[in-house]
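If you read the sequences in order, they're chains P and R.
Under numbering that gives the first Met the number 0, the first residue of the first sequence carries the number 0, and numbering increases by one thereafter.
Under numbering that gives the first Met the number 0, the first residue of the second sequence carries the number 0, and numbering increases by one thereafter.
Let me begin by presenting the structure, written as structure tokens, before commenting on it.
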Amino acid sequence: MNYPIHLAILVLLWGFIYTSWSLMGRLGLVSFGHGAFMGIGAYTVVMLWNHFGLSPWIGAPAALAFTAVVALIVGYPCFRFRIVGHYFALVTLALSEVVRLLITASRDFTGGSLGATPNGALHEGASAALGALQFSEKWVWLAIVAACWVGGLWVWRLVDRSMARLALQAISEEEEAAASIGIHVTRAKLRITLISALMTCMGGILYAQYQLYVNPDAVSGIAISLQMVFGVIAGGMFVMLGPTVGAAFTLLLAEGLRLAFGNRYPALDTTVYGVMLVLFIIYMPKGILGAALAAWRGKSVLRT
Amino acid sequence: MSDIFDIFLLEAVLNGLLLGGLLALLSLGLNLIFGVIDVVWICYAELIMCGMYAVYYLHVQYHWPLVIAMLGAIGIVAFLGWLLHQFVIRPVLNAEPINQLLVTGGVLFFLQAAATLAFGIEFKNLGVQLPSVRLGEMSFSAARLIAFAAALGGVIALWFFLRKTYLGTAIRAISQDRAIMPLMGVDPARIFAITSALGGALAGLAACLLVLQYDIHPAIGLSFGPITFLICVLGGLGNMVGGFIAAFIFAQFIAVGGFFFAVEWGYVIAFVFFIAVMFWRPRGILGK
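See the structure below:
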């Protein structure tokens, strides 16, 4: 019974992270740097626990604060100086590489590219160590991750119904015009970036605690940042459940091909996935869920 | 003590110069494509990876002489560049710019995974050992010197092509005004296809030079890709001269930073420098 639960946990966890990314992505802020926030979340908590014995309950707020500072330091000048489109994507790409390289370079402290394992806190026979945020029962994790995921969707809904979304949509269409009718462009973008970065950091923390293993390439850098972007595109970034559908689709595709072919063809899933991504972007830019909804309504819907 | 230190520092600076030539070549193809077609090939470094495998298989498996194998590889990657344009870029030419960026990201995943599937994850080595060249107390790898010379040669050849030939003039013209050129009797579709093949050929040339210095594995693109984009953006996307300058600046940060600290720190310093410069000049050093 553990395997389906494990899959459900991963789908919801990645669904949460992808949802966080889409908060920015669907409003024209395509970031290739969310791996940075995930990496900061995962590593801050594990390092504080391993080296200073600080519980994740203290580590998590520290990681969130750290993420907020990084997001502000990079976000503010980006938005202030109107770095948009390709340039924004590539500046954030540099950020996620900086975080990955910093983790790899401080190998005496972080374990470098070999990764790190949080010190075990589960005593003999115990299934939960609340202070260390370690649980051996998968049900507990499913509950935690599901709660987070619902929280993420709730944030999406709040943003969706707020004035801020209208402002950001106006900005994504015509930045100068939006500014001219009194929208504070920098502040509006910074706020959504902060929300998105903090949620991604949260996802990183949960990922590290659930997997009990972190590694710079798995939680930061260009590869994971692109994975987020493409997971969202596959699912559809303009509808609330789109990112989650993307997470489920990519995971089930990988697991399905693995079950069908065993481990004989280790990269088969990514090969198929890559082809599908290209086809999606060309023929189905609204993603699986977006296209399905449009077909169901029997007409092409405007993207909102 | 300080004398030896200076010598090593000088060696690091000169090695940085050599690396700069290679990075300049890497950025050249990407800048050409962007300048003309207005699309960033995120998968550019993966094309280079394909070129490296092509050299390896033609030379090691099929026993072609190395130089012929390299020419073959350049041809193969040029063809891949053309394929990429015809089948992936063309359908999204009028889509949102960000979709054009993302679609080549899909190709990145595909090429990387397909290479893993086809060639395995083992590191492959060409098995060509080039001697190191000694200059006083300093030593340089011959592979790097060749790469530097070939990169400069490639840059100069491209410059002549763009300045002195009819086709080159058409390419430059279309990068300046996409709307007018069709009226002047230039077929943009044809120019785009030729430019893509040319960009691919430059990636192939880069592959030939990299394969002399590095082992080949499917993920090697990830170690060159990000830095190539950052160089192009730092110099101003589409601006070849800017890319050239940026390549040498980046290479110095990596070489000298790596000399004082560890290699990764060189990259960290270079990337942080990049982010800082973007805030100062959001369109790159020589951007408009």
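Heads up, the beta-carbon is just placed ideally off N, CA and C, and yes, glycines get one too.
Predicted model only: the values in this text are computed from it and were never measured.
Checklist entry - Is there at least one Cβ from chain R nearer than 8 Å to P/Thr270's Cβ? => result yes
Checklist entry - So the alpha helix (DSSP H) P/Val213 belongs to, where does it begin and stop? => result Premise fails: P/Val213 is in no alpha helix (DSSP H) and is neither H nor E.
Next on the checklist: Starting from R/Val132, trace the alpha helix (DSSP H) in both directions and tell me its first and last residue.
Outcome noted: Element bounds for R/Val132: not the alpha helix (DSSP H) but the beta strand (DSSP E), 131 to 134.
Checklist entry - Run through DSSP, which three-state label would R/Ile41 get? => result coil
Item to check | Cβ shell of P/Ile82 (< 7 Å), same chain only, five flanking positions each side left out | outcome: Val90
Checklist entry - Within the 8 Å Cβ cut-off, does R/Ile274 reach chain P? => result yes
Checklist entry - What residues are listed by DSSP as bridge partners for R/Lys123? => result R/Ile215
Checklist entry - In chain order, what residues of the region 40 to 57 of chain R put their CB closer than 7 Å to some CB of chain P? => result none
Next on the checklist: Buried or exposed for P/Trp155, going by 16 or more other Cβ atoms inside 10 Å?
Outcome noted: buried
Item to check | Residue closest to R/Ala142, alpha-carbon to alpha-carbon, out of R/Leu151, R/Gln128, R/Val54 | outcome: R/Gln128
Checklist entry - Does the count of Cβ pairs from the region 34 to 41 of chain P and the region 215 to 227 of chain P closer than 8 Å reach three? => result yes
Item to check | Cβ-based neighbour list, P/Met236, same chain, cut-off 7 Å, excluding 5 preceding and 5 following | outcome: Ser21, Gly24, Arg25, Pro242, Gly286
Item to check | Buried versus exposed, by CB contacts within 10 Å (16 or more), P/His85 | outcome: buried
Checklist entry - Between which two residues does the beta strand (DSSP E) carrying R/Phe139 extend? => result 137 to 140
Item to check | Stretch pair the region 175 to 192 of chain P + the region 11 to 20 of chain P: three plus CB contacts closer than 8 Å | outcome: no
Next on the checklist: Against R/Tyr213, what residues of chain P qualify as contacts under a CB-to-CB distance less than 8 Å, listed in chain order?
Outcome noted: What R/Tyr213 touches in chain P: nothing, since even the nearest Cβ is about 17 Å away.
Checklist entry - Over what stretch of residues does the alpha helix (DSSP H) that includes P/Asp268 continue unbroken? => result 267 to 282
Checklist entry - At least one CB of chain R closer than 8 Å to the CB of P/Ala290: is that the case? => result no
Item to check | Simplified DSSP assignment, three categories, for R/Ala261 | outcome: coil
Next on the checklist: For a test of the three-state rule: what should DSSP assign to P/Gln133, helix, strand or coil?
Outcome noted: strand
Next on the checklist: Suppose the cutoff is 8 Å on Cβ atoms and the five residues either side in sequence are ignored; what does the same chain contact list for P/Ala163 look like?
Outcome noted: Ala187, Arg190, Ile191
Item to check | Sequence ranges, alpha helix (DSSP H) only - wholly within the region 135 to 171 of chain P, length at least 4 | outcome: 137 to 159
Item to check | Host alpha helix (DSSP H) of P/Gly58 (start-end) | outcome: 55 to 79
Checklist entry - Of all the options P/Leu28, P/Tyr272, P/Ala41, P/Leu132, which has the alpha carbon lying nearest to the alpha carbon of P/Pro215? => result P/Ala41
Next on the checklist: Closest to R/Gly203 by C-alpha separation, out of R/Thr227, R/Ile226, R/Asp37, R/Leu79, would be which residue?
Outcome noted: R/Leu79
Next on the checklist: When you compare the CB positions of P/Cys200 and P/Thr116, do they come within less than 8 Å of one another, or not?
Outcome noted: no
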